[in-house]
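**Student:** One structure is given below, represented as structure tokens, and several questions about it will come after.
Residue numbers (the UniProt record's numbering): 1 to 220.
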């Protein structure tokens, strides 16, 4: 290999040292490099999670073995929400990790359980050791879209809304009690009014019968 080719290979392999903020200006070159590209999609508005994403990326880059095989970047998951949805990643799931295979752009790794921001280094080691299999982009487009519309919203609801679900059930219960009480009181008023009418009519009939009896006695 010539010195120029060697130099170019070195440049390509070290074009993105450290952790990079990705946008339209550099994302294409970032993904085309010889190393696999680790991309964390984070929401800048959630500062704690965003900071966690940066910390985990920096920790992974500090690992020499990982730094040799991967390049590391973070992008605005809210801004890229539409694009990320094609990969089965929703804004409410952020931060999330997706790894693109540098020399085979059709392959990628994405796993909500094994490849997580909170244990990024462990997930990347699974990729290096072959224990986490890559996916094919073209084979998963339809499946990912189905997952976007069905699985992920359900999973998010289940994982995020336990307290919300309890609160909703309690609210519904209170509402049912209020409606039941209103119906009961309304029906009670109707029954009371009806009973009052019946009682007055009976009293009037009794009075009329008594008056008729008195008249008969007087006539006798």
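Glycine included, every Cβ here is placed at the ideal spot set by N, Cα and C. Just so you know, these numbers come straight off a predicted model, no measurement behind them.
1. In or out: residue 159 buried (at least 16 other Cβ within 10 Å) or exposed?
2. In the DSSP assignment, find the beta strand (DSSP E) that holds residue 20 and state where it starts and stops.
3. Using the beta-carbon count (16 or more within 10 Å), is residue 204 buried or exposed?
4. Looking only at its own chain, which residues have a Cβ that is under 8 Å from the Cβ of residue 78, when we skip the five neighbours before and after it?
5. Tell me which same chain residues have a C-beta within less than 7 Å of the C-beta of residue 40, skipping the five on either side of it?
6. Please classify residue 54: does DSSP put it in a helix, a strand, or coil?
7. What residues in its chain sit with their C-beta under 7 Å from that of residue 101, if we drop five residues either side in the sequence?
8. What residue range does the beta strand (DSSP E) around residue 118 cover?
9. Assuming residue 34 contacts residue 103 (C-beta within less than 8 Å), just tell me the rounded distance between them.
**Tutor:** In short, the structure shows the following:
1. Reading the chain shown from its first residue, position 159 is the one you call residue 159. In this prediction, residue 159 has a pLDDT of 48, which is less than 50 and means its spatial position is unreliable; what the coordinates show is noted afterwards. Label assigned to residue 159: exposed.
2. Mapped onto the chain shown, residue 20 falls at position 20. Judged by DSSP secondary structure, residue 20 falls within the beta strand (DSSP E) whose first and last residues are 19 to 21.
3. Taking the chain shown and counting its residues from 1, one reaches residue 204 at position 204. Under this definition residue 204 is an exposed residue.
4. Here residue 78 refers to the residue found at position 78 of the chain shown. Closer than 8 Å at Cβ, skipping near neighbours: 43, 44, 45, 91 and 94.
5. Position 40 of the chain shown, counted from the first residue, corresponds to residue 40. Closer than 7 Å at Cβ, skipping near neighbours: 53, 57, 74, 95, 97 and 117.
6. One-based indexing of the chain shown puts residue 54 at position 54. The answer is helix: DSSP assigns residue 54 an H, G or I state.
7. What you label residue 101 is simply residue 101 of the chain shown in a count that begins at 1. These residues qualify, in order along the chain: 36, 107, 108 and 134.
8. Locating residue 118 in the chain shown gives position 118, counting from the first residue. Unbroken run through residue 118: none, as it is neither H nor E.
9. Against the chain shown, residue 34 aligns to sequence position 34. Against the chain shown, residue 103 aligns to sequence position 103. The beta-carbon distance between residue 34 and residue 103, rounded to whole angstroms, is 6 Å. This is short enough to meet the 8 Å contact definition.
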